[in-house]
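Notes to accompany the following structure.
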Amino acid sequence: MSARRWDTALGIGFAALGGALALAGWGLPEGLAGVPGPGFFPILIGLGLIVLGLGLAASAGRGDASYWREGWRTTGMRQIVVILTLLGMYAALWNAVPFLWRTPVLLLGIYRTVGEPWMRSILISLVATALLGGVFDTLLRVRL
Amino acid sequence: MPIFDPVTWLYLTGGVVLGVVFGALPGFTATMGLAILTPLTFWLPTDQALAMLFGLLCAAIFSGGIPAILINTPGTPASIATTWDGYPLAQQGQAGLALGVNALGAFTGQMISILVLAVAGYPLAAFALRFGPAEYFALAVFGISMMVSISSESLIKGLLMGASGLAVSMVGLDPIMAYPRLTFGSPALIEGISFIPVMVGLFGVAEVLMQIYARVPHEVRGFGRIERIMPHASELRTMAPHALVSSLLGTGVGIIPGAGGDIGSMIAWGQARRMSARPDTFGRGSLEGLVASSTAANAAIGGAITTMLTLGIPGDSASAVLIGALLIHGLQPGPMLFRDRPELAAELVMLLMMAAVLTLVVGLLGARPLAWVLRVKDEILWALILVICVLGAYALNQAPVDVWVMLASGVLGFVLRQARFPMGPLVLALILGPMAESNLRRALVISQGDATILVRQPIALVLLVITAISLLWPLLRRRSD
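Sequences listed follow chains E and F, in order. First residue of the first sequence? That's 1 in the working numbering, and the numbers climb one at a time after it. First residue of the second sequence? That's 1001 in the working numbering, and the numbers climb one at a time after it.
Pasting the structure below:
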């Protein structure tokens, strides 16, 4: 996607967010005797986001220049999607799978995704899990 | 007294070691290190936690100069100007001397700026005690606007980020009437969105994703032999005036909200060139140029912390994260800190000095081993940083919702940074949002709804005028061009 389309899409997105914010602000109680209530700031910021978002969309540059370094890098984006999926699953399985099981799997998954060899990935994943478990669980008393 | 506490020194050393890693690896910044480390310090006593964070900050800014000198790649934005003379020196076989001058310059800059904080802190805080709600509102708006006007090539993108930060800061109970807002009926959002997971996502996860996306195959970064580290007395005499002037310039630039060590070091380098008897050597391996850039880059730390501690507004992204750290330890930066807890303000100054001293020791004694940090593969660190981000975001409140907030912030930060949106204004607005809103509404309560109270107070008026000028300046300049 070109920078122009990207800015237009993001500008419209921000304007929509501003619209939702302003609408939410209208539903909040009004203030008394000219003093603004809880809805004042959301409405103010919401209107600001609408104006700025539409301004960004309207002023989006022309041409086909891309924001994405060296164009769209399919490999990099695929790796990011895989890593984010792994992180999402890690968070979703927080209470279902113990830390000592899910963490090395996550680390191994990320290392393999970025192209590290199997043996190094397994070794670092196990050592790092033990160290992180020691720091968070034993030292900081965080229930993982 | 933290100076006599060996445990504090231990945590300080830990912070310095982490700071060296975050500063020396190109792409990893002091802000990122602070954002990741802050949640982990929640369980520590305040002085030990701050020792660790200050150690990380001082060491990261210093060690950003190591790759700048050895491989011509700045480790942090503050060390961009260090490449101009540091790398030519390394090419001439004087890498050790350049690393030594960088360490000495960092120490001088940090110590002088901390002394400025110690001397100017109380008068500045006493002045700020005169501030009422109108002045605080104007100060918050001024802080956000400075960050917006400086940090982005597009004013409208900076403003959008600032407005988005303000929007996120409104989630939870309204600060005056305690009425729930934008919580979508979720009890998890009643207390608002914690800014620590947002910062960890924006500066930690997003940065790693940026590096994975745009990565180049790893190469072992080579550099020459490291021999003499300490400069001769004659060289020290030549560098001393530049170190002093650059320290004051760097501190002054650091005090301005939004301006940091990157701008300070470039200004100081230019000033040193004008002052030098041999300006033609600048950019070709001048020790004067190197000391000016490294001194000013590090002096900006004390400048930014002066603004943060006395006025309660962050001078740059790193001090925005530090404000978060102070808040989770129950400390509210601002003039009241100096009035109500002067002993704590003095302790913070002492911790900063300890961090500067330890950074110097590590910088001089560890010049050779520090250079080996550059050989650590980015791929090894990415996975570790991502997992630490997840665990750190969770650990603070032990709430899974924070992990999701952090991941969402990371994805958002990745997408927006690719589209050249600056993250600084968002974080600053997230922190200063409640201050801006509550003080604006308090001012209107006092004036019974009369908005002219904002321009009837001279300090507020001056701050709002500067805000307007800083935001309109790019537009006026474009029109005049």
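Every residue, glycine too, gets a C-beta built ideally from N, C-alpha and C.
| Item | Value |
| --- | --- |
| Could you check what DSSP says for F/R1274 in three-state terms: helix, strand or coil? | helix |
| Kindly say whether E/W101, judged by its beta-carbon, lies nearer than 7 Å to any beta-carbon of chain F. | no |
| Using only CA atoms, which one of F/S1294, F/M1308, F/L1370 and F/A1035 lies nearest to F/L1386? | F/A1035 |
| Does DSSP put E/V135 in a helix, a strand or coil? | helix |
| Mind listing the chain F neighbours of E/P42? Cutoff is C-beta to C-beta under 8 Å, in chain order. | A1167, M1170, R1181 and L1182 |
| Alpha carbon to alpha carbon, what distance is there between F/E1235 and E/L10? | 54 Å |
| Along the alpha helix (DSSP H) that carries F/E1343, what are the first and last residues, could you check? | P1342 to L1365 |
| Mind checking F/E1343: buried by the 16 CB within 10 Å criterion, or exposed? | exposed |
| For a contact defined as C-beta to C-beta under 8 Å, what are the partners of E/P29 on chain F? | M1177 and Y1179 |
| Quick check on F/G1312: does DSSP put it in helix, strand or coil? | coil |
| How long is the line joining the alpha carbons of F/S1409 and E/G115, rounded to whole angstroms? | 26 Å |
| Assess contact between the stretch 1081-1093 of chain F and the stretch 1038-1055 of chain F, defined as three or more Cβ pairs (one per stretch) separated by less than 8 Å. Is contact present? | no |
| According to a CB-to-CB cut-off of less than 9 Å, which residues of the stretch 3-14 of chain E neighbour chain F? | A3, W6, D7, L10, G11 and F14 |
| Alpha helix (DSSP H) containing F/P1333: first to last residue? | Element bounds for F/P1333: n/a, residue is neither H nor E. |
| Measuring straight from C-alpha to C-alpha, what distance separates F/T1238 and F/L1010? | 36 Å |
| Using a Cβ cut-off of 7 Å (strictly closer), state whether F/A1419 contacts chain E. | yes |
| Can you round the beta-carbon distance between F/P1257 and F/I1301 to whole angstroms, since I take them to be within the 8 Å contact cut? | 14 Å between Cβ atoms; not a contact. |
| Could you pull out every residue in the same chain whose Cβ sits closer than 8 Å to the Cβ of E/L86, ignoring the five residues on either side in sequence? | L106, G109, I110 and T113 |
| DSSP has E/L32 in a bridge; who is on the other side? | E/V35 |
| Determine the extent of the alpha helix (DSSP H) in which F/Q1110 is found, giving its start and end residues. | A1095 to A1128 |
| Buried or exposed for F/A1297, please, with buried defined as at least 16 other CB atoms from any protein chain shown within 10 angstroms of its CB. | buried |
| Beta carbon of F/G1100, beta carbon of F/I1229: below 7 Å? | yes |
| Tell me, to the nearest whole angstrom, how far the beta carbon of F/G1015 is from that of F/G1065; I am working on the premise that it is less than 8 Å. | Wrong, their Cβ atoms sit about 18 Å apart, outside the cutoff. |
| From F/A1138 to E/G39, what distance separates their C-alpha atoms? | 20 Å |
| Counting only beta-carbon atoms, is E/I38 nearer than 7 Å to chain F? | Note that residue 38 of chain E is Pro in the sequence shown, not Ile. Closer than 7 Å: yes. |
| Keeping to the same chain, check which residues put their C-beta closer than 7 Å to that of E/V142; ignore five residues upstream and five downstream. | F136 |
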